[in-house]
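Asker: Chains H and L, in that order, are what the protein sequence lines are. Residue -6 is where the first sequence starts when you use this note's numbering, and the numbers rise one by one after that. Residue -6 is where the second sequence starts when you use this note's numbering, and the numbers rise one by one after that. To start, I am sharing the structure in question, which I have written as structure tokens.
Number of protein chains: 2
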Amino acid sequence: MFVIGELINGMYPYIGKAIKEKDKATIQKYALSQIQAGADALDINCGPVSKDPLSDIQWLVEVIQEVTEKTLVLDSSKPQVIESGLKVTKNKVIINSTTADLEKLEKLVPLAKQYNAKLIGLTISAKGIPQNKDQRLELAAQIVATCADIGFTPEDLYLDPIVLPVNVAQAQMKDILESIHEFKIISDPSPKTIIGLSNVSQGSSVRNLINRTFLIMAALFGLDAAILDPLDKELMDAVITSDLILNKQIYCDRYLEAYRKK
Amino acid sequence: MFVIGELINGMYPYIGKAIKEKDKATIQKYALSQIQAGADALDINCGPVSKDPLSDIQWLVEVIQEVTEKTLVLDSSKPQVIESGLKVTKNKVIINSTTADLEKLEKLVPLAKQYNAKLIGLTISAKGIPQNKDQRLELAAQIVATCADIGFTPEDLYLDPIVLPVNVAQAQMKDILESIHEFKIISDPSPKTIIGLSNVSQGSSVRNLINRTFLIMAALFGLDAAILDPLDKELMDAVITSDLILNKQIYCDRYLEAYRKK
């Protein structure tokens, strides 16, 4: 599982404050602590309070690149913020995200090509959130088709089925999980799959338990990547043990430590 | 998930001693504590040290029936021990187990019919343990076919794919999990599926974590029942949360407590 740390997001008060005060030390601390906990990449989002996101995202990228060469995941719903971040990114990069709307795809897919970036495609459109597996597959196919038209390989595309909270969309959970499996057979070569995990437990009282149970199920259905909190040790234990059972990490008695030292 | 408590087994020293000394209180304590923790049924095995298993299994059944009406799972590789237990069982009962060998099937399937019992069929034979999914499916089909010949409905049959330890059979884990899914489509109506969970972590240093991760995956593939330690609270939390995500228990904020009070 490719683990993307979610903590550098301006919606968290400690990050919002650090961005506002240009407090490098706090940002770099959260970058390094997530990597130490096992993150392969870091999501970067200025958050809703940023008054100058075009400048803030560049500051975040530069500050984080001072301490790590890990992949950066530029996270914004605004293509111009993504583009601003891309201009200063030296590390590998993933664009987070496009929707299935043609208008967005035609901006972001060429941008991803131009900057040699990978791209997250949300199976959502201006019409709203999909209500079942068929709607998810239809939106996924639209994204894959547009990428093909523009000459962007599906191997650089991460499809996201849009995880809904179990407390409001319990009947859709199995559909969401099965979408992960079915996205992989939309094209050959296969697109990759990703989820933003924490939404599954939004509003629930035992969030961590619901997060890790859902993630283990998603892993079995072939999930390639997840945006999550790597400082949740039990969640990372679940990620690592899923990799073990699915034969993606060789067994040794101290396999948890072995993974974290990788 | 139908949870079968595994703790009343003479291989555990405290149970072996209680059987030898005819210590009712200890047996009844382990029966009730497993039920309180969420077990739907209790496995009963005299263990390897019993000198008179035909008598010991009857004593265990009678002692446990004094305190509960839950399903009893008579566990022995010897058909005559199973038959002895069946003679005194008043509760619902599951026979644990037959192999795919015709000699065993021809004894145990009629016995299950005669006593209106359900039956666990291990996908194993005198030739040994299956090495892949195809061999598991072949043995499962043999069991289902023999049941059909004798007029035993697949709905009363629990097929067990034989869970191997991850530290010696890591490459087979996915095959074992997929077998659970494929057993369900061998016949219509479907047979049920079951695993003896704890073998997956045999010899590993973090047994509970491996157990619960594997069980969540098996749940996603449609596992109906598991023999496990219900006193492992985190394992039961995983069982209950799997049921929640798979929409088998209605969401409420205190869903863990709601399940345990059921």
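Backbone N, C-alpha and C fix where the C-beta goes; we use that ideal spot for every residue, glycine too. Computed from a predicted model, the values in this text were never measured in an experiment.
Find out if the Cβ-Cβ distance for the pair residue 79 of chain H, residue 104 of chain H is shorter than 9 Å.
Answerer: yes
Asker: Check whether the segment 137 to 146 of chain L touches the segment 93 to 112 of chain L, taking contact to mean three or more Cβ pairs, one atom from each stretch, closer than 8 Å.
Answerer: Note that the segment 137 to 146 of chain L touches the segment 93 to 112 of chain L; at least 3 beta-carbon pairs, one per stretch, sit closer than 8 Å.
Asker: Can you list, in chain order, the residues of its chain with a C-beta nearer than 8 Å to that of residue 15 of chain H? Leave out the 5 residues immediately preceding and following it.
Answerer: 52
Asker: Compare the Cα-Cα distances from residue -1 of chain L to each of L:239, L:81, L:218, L:248 and report the closest residue.
Answerer: L:218
Asker: Among the residues of its own chain, which have a CB less than 7 Å from the CB of residue 201 of chain H, if the five just before and after it don't count?
Answerer: So the list reads 225, 227, 228, once near-sequence residues are dropped.
Asker: Would you tell me roughly how many angstroms separate the C-alpha atoms of residue 99 of chain H and residue 183 of chain H, rounded to the nearest one?
Answerer: Residue 99 of chain H and residue 183 of chain H have their alpha carbons spaced roughly 21 Å apart.
Asker: Using 8 Å as the cut-off, can you tell me whether the segment 67 to 79 of chain L makes contact with the segment 34 to 44 of chain L, which would need three or more C-beta pairs spanning the two stretches below that distance?
Answerer: yes
Asker: Can you pull the chain L neighbours of residue 207 of chain H, defined as C-beta to C-beta under 7 Å?
Answerer: 238
Asker: Identify which residue in H:32, H:-4, H:45 has its Cα closest to the Cα of residue 9 of chain H.
Answerer: Measuring from the Cα of residue 9 of chain H, the nearest candidate turns out to be H:45.
Asker: At which residue ranges does the segment 146 to 212 of chain H contain complete beta strand (DSSP E) runs of 3 or more residues, listed in the order of the chain?
Answerer: 150 to 153, 185 to 189
Asker: So if DSSP puts residue 111 of chain H in a beta bridge, which residue, or which two residues, is it bridged to?
Answerer: H:87
Asker: Identify, in the order they occur along the chain, each residue of the same chain with its Cβ nearer than 7 Å to the Cβ of residue 297 of chain H, setting aside the five sequence neighbours on each side.
Answerer: What is shown of chain H runs -6 to 255, which leaves residue 297 of chain H out entirely.
Asker: Is the CB-CB distance between residue 118 of chain L and residue 153 of chain L below 9 Å?
Answerer: no
Asker: Measuring straight from C-alpha to C-alpha, what distance separates residue 33 of chain L and residue 120 of chain L?
Answerer: 33 Å
Asker: Run through chain L and tell me which residues come within less than 8 Å of residue 198 of chain H, C-beta to C-beta.
Answerer: 246, 247
Asker: Quick one: list the residues of chain L neighbouring residue 234 of chain H, beta-carbon separation under 7 Å, in chain order.
Answerer: 202, 203, 206
Asker: Using a Cβ distance threshold of 8 Å, determine whether the segment 159 to 178 of chain L contacts the segment 122 to 129 of chain L, with at least three qualifying pairs required.
Answerer: A contact exists between the segment 159 to 178 of chain L and the segment 122 to 129 of chain L.
Asker: List the residues of chain L whose Cβ lies closer than 9 Å to the Cβ of residue 164 of chain H, in chain order.
Answerer: 240
Asker: Could you check how far apart the C-beta atoms of residue 231 of chain H and residue 249 of chain H are, in whole angstroms? I think they sit under 8 Å.
Answerer: No, residue 231 of chain H and residue 249 of chain H are not in contact; Cβ-Cβ is about 11 Å, not under 8 Å.
Asker: Around the C-beta of residue 222 of chain L, are 16 or more other C-beta atoms found within 10 angstroms, so that it is buried, or is it exposed?
Answerer: buried
Asker: When burial is assigned at 16 or more other CB atoms within 10 Å of the CB, is residue 242 of chain H buried or exposed?
Answerer: By the Cβ-count criterion, residue 242 of chain H is buried, with 16 or more other Cβ atoms from all chains shown falling within 10 Å of its own Cβ.
Asker: Starting from residue 231 of chain L, find everything on chain H with Cβ-Cβ shorter than 9 Å and list it in chain order.
Answerer: 202, 205, 206, 209
Asker: Could you tell me whether the Cβ of residue 125 of chain H comes closer than 9 Å to any Cβ of chain L?
Answerer: no
Asker: Considering only C-alpha positions, which residue in the set L:161, L:61, L:246, L:108 is nearest to residue 28 of chain L?
Answerer: L:61
Asker: What number of angstroms, rounded off, separates the C-alpha of residue 138 of chain H from the C-alpha of residue 107 of chain H?
Answerer: Distance between the alpha carbons of residue 138 of chain H and residue 107 of chain H is about 19 Å.
Asker: If contact means a Cβ-Cβ distance below 8 Å, which residues of the segment 133 to 165 of chain H contact chain L?
Answerer: Flagged, chain order: 159, 160, 163, 164.
Asker: Could you tell me how far apart the beta carbons of residue 160 of chain H and residue 196 of chain H are, in whole angstroms, since I believe they sit closer than 8 Å?
Answerer: 5 Å
Asker: Enumerate in chain order the residues of its own chain whose CB-to-CB distance from residue 156 of chain L is below 8 Å, with the five nearest sequence positions on each side excluded.
Answerer: 169, 188, 189, 190, 192, 193, 207
Asker: I'd like the span of the beta strand (DSSP E) that includes residue -2 of chain L, first residue to last.
Answerer: -5 to 2
Asker: So, residue 212 of chain H versus residue 172 of chain H, is the Cβ gap smaller than 9 Å?
Answerer: no
Asker: Any residues in the segment 163 to 182 of chain H with a beta carbon nearer than 8 Å to a beta carbon of chain L? Which ones, in chain order?
Answerer: 163, 164, 166, 167, 170
Asker: Per DSSP, residue 64 of chain L forms a beta bridge with which residues?
Answerer: L:34
Asker: Whose CA, out of H:-6, H:125, H:116, lies closest to the CA of residue 136 of chain H?
Answerer: H:116
Asker: By DSSP, does residue 20 of chain L sit in helix, in strand, or in coil?
Answerer: In this structure, residue 20 of chain L counts as helix in the three-state DSSP scheme.
Asker: If you run the structure through DSSP and keep just helix, strand and coil, what is residue 77 of chain H?
Answerer: helix
Asker: Per DSSP, what kind of secondary structure is residue 121 of chain H in: helix, strand or coil?
Answerer: Residue state, collapsed to three classes: strand.
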